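Asks: Okay, here's the structure, questions in a sec.
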Amino acid sequence: MNSIRARLFVILIATTGLVWLSAVGWIFVSTRAEVEQVLDARLSEAGRMVSSLVSSQEIDVQRVTELGGQMLPVPSHIPYDRQLSCQLWSFDGTLVGRSDGAPAAELSNHTSGFSEVQIDGETWRVFAIENEEKAIRVLVGDSLRVRDRLVGDVVKGLLFPAALILPVLAGLIWVSVNRGLMPLDRMANDLAGRKAADLKPLPQDGPREIRPVIKALNGLFARVVGARQHERDFTAFAAHELKTPLAGLKTQAQIALASQDDAITREALAQIVSGVDRTSRLVRQLLAIAALEASEGDDRPGIEDLGVALRALVRELPHHGQNKVRIEIGAELDGLGAAIGEADFDLAARNVLENAVAHSPAGGSVKISGRAEAGAVVVAIADHGAGMPADELVRATERFFRGRNKTAVGSGLGLSIAQLALERSGGRLILSNGPAGGLLVEMTVPVA
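Sequential numbering of the sequence shown, starting at 1, is according to the numbering used here.
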């Protein structure tokens, strides 16, 4: 059942019906017990009354016997008393008399008290009392069928109104459910009538039960607005960054074609190679960001040895940059494990190292060290470049941000990629200026 309205209607109808049936069942049981107590009391009262009439000779036993057991009157105080049957039996087992409708067979062989007997397939509830003075046993009984009919009449009196009221109740429940769900209908109509670009928040003045839904939708709208703005900025920045090297490539190519001087031609071709390298790195970084944002995380096993992983990465870096920068890896990293996907760590470390190599002076060095902290491993990469002013450190991980000490080959994406890759595994990127100058980048990742 996919409809909340129909589900609520069925639940309410079923619950109401169950409560009503439970009430009817409870009333049936309690009424039956009450009826049995009342009618047993009537049987006892009628038996004792007949016995007292025999003792006071208002019922002449001798005359009744002489007349052959004439019909006995039964005291009538309520309509039900007309359903009672009475028999008079002498102590020697002779039927002295019986009332109208009483069976000819003995109602009970008990001398006193209540009992139930079967006579001609019908169950009787009988009260017996002995009159020692007249040597008479009085039996007063009624058919249990009559009692069942009385209880059945009470239950029918409840079910009949229920059968009439239930359709009305169902209609009222349906109207109530519809009115209760009207805020959801209004919210759905509001959303259906919006344009795709309309992402303004929904008003939070609805019922308390749907406010969490409205809050979640407004949060989703805010994230979509942020993502769209981010995409627009990303596209604009990427277009701007690509436009500059492409224009430079075209200019250098035109110079190489137009020049008759071999030296100028070689210089132009060298500039083309440098521009292609920069453009290639930019495109690779853009693709890396797109892949990171599109995927949900690297679920491969973590890294068992950070030293081995970093040495393999360093061997892949082409010539350690044009400045022939040395990269030193501390021995303390050997044997350290990290709970981060290999692809994420490789992407983060590669971009941080490329950034460090690009900002290091010719013949300089980049030092990679590590240490273990509580529940984490810190990989520190320090260069010997110019570092970053304090006001630029807080913006260093923004996409396409390039500070005052920017290089010719940078695009402002490396640190952004590193931060995004680390955050997917619960890590973080911390930037600071080293004690001896240069930029210190600390990659904190969960310990394996």
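For glycine and all other residues, C-beta sits at the position ideal for the given N, C-alpha and C. Note that this is a predicted model, so its numbers are computed, not measured.
For a test of the three-state rule: what should DSSP assign to Q70, helix, strand or coil?
Replies: Its pLDDT being 49, under 50, Q70 is placed unreliably by the model, and nothing is read from it.
Asks: Got a sec? Which residues, its chain only, sit under 6 Å from N351 by beta carbon, not counting five neighbours each side?
Replies: Closer than 6 Å at Cβ, skipping near neighbours: G414, I417 and A418.
Asks: Which word fits I11, buried or exposed, when buried means at least 16 other C-beta atoms lie within 10 angstroms of its C-beta?
Replies: Result: exposed.
Asks: Taking the alpha-carbon positions, what's the V29 to L191 distance?
Replies: Using only the alpha carbons, I get a separation of about 54 Å.
Asks: Under the three-state reduction of DSSP, which class applies to P75: helix, strand or coil?
Replies: With a pLDDT of 48 at P75, under the threshold of 50, the modelled position of that residue is not reliable, and the figure given next carries that caveat. Residue state, collapsed to three classes: coil.
Asks: Compute the Euclidean distance between the alpha carbons of D261 and G275, then round it to the nearest angstrom.
Replies: Between D261 and G275, the C-alpha separation is close to 21 Å.
Asks: Please state whether the Cβ-Cβ distance between I272 and A253 is less than 9 Å.
Replies: Yes, the pair counts as a contact, with Cβ atoms nearer than the cut-off.
Asks: Would you mind stating whether R125 and F114 have Cβ atoms separated by less than 9 Å?
Replies: Yes, these two residues count as a Cβ contact at 9 Å.
Asks: Please list, in chain order, all residues of the same chain as F127 whose beta carbon is under 6 Å from its beta carbon, the five residues on each side excluded.
Replies: Answer for F127: L43, S44, G47, F114 and V140, listed in chain order.
Asks: Extract the residue ranges of the beta strand (DSSP E) inside the stretch 333-391, only unbroken runs of 3 or more that lie entirely within it.
Replies: Segments of the beta strand (DSSP E) lying fully in the stretch 333-391: 365-373 and 376-382.
Asks: Taking C-alpha atoms, which residue in P446, A421, L287 and G437 lies nearest to L336?
Replies: The option with the nearest alpha carbon to L336 is P446.
Asks: Going by DSSP, what residue range makes up the alpha helix (DSSP H) through Q37?
Replies: I4 to S55 is the span of the alpha helix (DSSP H), which, as asked, contains Q37.
Asks: So, at 8 Å on beta carbons, what are the nonlocal neighbours of R371 in its own chain, with the 5 sequence-adjacent residues on each side left out?
Replies: Counting only Cβ-Cβ distances below 8 Å, and skipping sequence neighbours, we find E332, V377, V378 and A380.
Asks: DSSP state of N433, grouped into three classes?
Replies: N433: strand per DSSP, three-state reduction.
Asks: Let me check understanding here. Comparing Cα to Cα, which of A382, T251 and D346 lies closest to A516?
Replies: Any answer about residue 516 is impossible in this case: the structure gives the chain only from 1 up to 448.
Asks: Taking the alpha-carbon of D346 as reference, which of R311, P183, V441 and R223 has the nearest alpha-carbon?
Replies: Measuring from the Cα of D346, the nearest candidate turns out to be R311.
Asks: Going by DSSP in three states, R137 sits in which element: helix, strand or coil?
Replies: Correct three-state label for R137: strand.
Asks: So what's P446 in DSSP terms, helix, strand or just coil?
Replies: Correct three-state label for P446: strand.
Asks: May I have a chain-ordered list of the alpha helix (DSSP H) segments no shorter than 4 residues that lie completely inside the stretch 116-195?
Replies: With a minimum length of 4 residues, the continuous alpha helix (DSSP H) runs that stay inside the stretch 116-195 are 144-180 and 182-192.
Asks: Thinking just about the alpha-carbon of each residue, which of V155, V394 and F91 is nearest to the one in L431?
Replies: Of V155, V394 and F91, the residue nearest in Cα terms is V394.
Asks: For a test of the three-state rule: what should DSSP assign to S280, helix, strand or coil?
Replies: Three-state DSSP puts S280 in a helix.
Asks: How should T111 be labelled, buried or exposed, when 16 other C-beta atoms within 10 angstroms of its C-beta is the threshold for buried?
Replies: Flag for T111 reads exposed.
Asks: Inspect the beta-carbon positions of V24 and R147 and report whether they are closer than 9 Å.
Replies: Taking 9 Å as the Cβ cut-off, V24 and R147 do not qualify as a contacting pair.
Asks: Output the distance between the C-alpha atoms of S76 and G121, rounded to the nearest integer angstrom.
Replies: Low confidence applies to S76: its pLDDT is 46, below 50, so where it sits in the model is not reliable, and the reading given next is rough at best. Distance between the alpha carbons of S76 and G121 is about 27 Å.
Asks: Using a Cβ-Cβ cut-off of 7 Å (strictly less than) and excluding sequence neighbours within five positions of T265, which residues of its own chain qualify?
Replies: These residues qualify, in order along the chain: A256 and S259.
Asks: Do you know offhand how far R179's Cα is from I173's?
Replies: Taking the straight line from one Cα to the other gives about 10 Å.
Asks: Where does S274 sit, in a helix, a strand or coil, going by DSSP?
Replies: Helix, per DSSP.
Asks: Indicate whether P207 and N218 have their beta-carbon atoms separated by less than 9 Å.
Replies: No.
Asks: Could you pull the DSSP bridge partners for S108 from this structure?
Replies: For S108, which the question treats as bridged, DSSP gives no partner whatsoever.
Asks: Tell me which residue opens and which closes the beta strand (DSSP E) that L497 is part of.
Replies: The structure shown does not extend to residue 497, since the chain is modelled only from 1 to 448, so the question has no answer here.
Asks: Is it the case that the Cβ atoms of I303 and I340 are separated by a distance below 9 Å?
Replies: Yes.
Asks: Could you please give the first and the last residue of the uninterrupted alpha helix (DSSP H) stretch that includes R326?
Replies: Here R326 belongs to no alpha helix (DSSP H); instead the beta strand (DSSP E) covers R326 to I329.
Asks: In three-state terms, what does DSSP make of Q229?
Replies: Helix at Q229.
Asks: When burial is assigned at 16 or more other CB atoms within 10 Å of the CB, is L84 buried or exposed?
Replies: So L84 counts as buried.
Asks: Out of N433, K134 and A163, state which residue places its alpha-carbon closest to the alpha-carbon of A390.
Replies: Out of N433, K134 and A163, N433 has the C-alpha closest to the C-alpha of A390.
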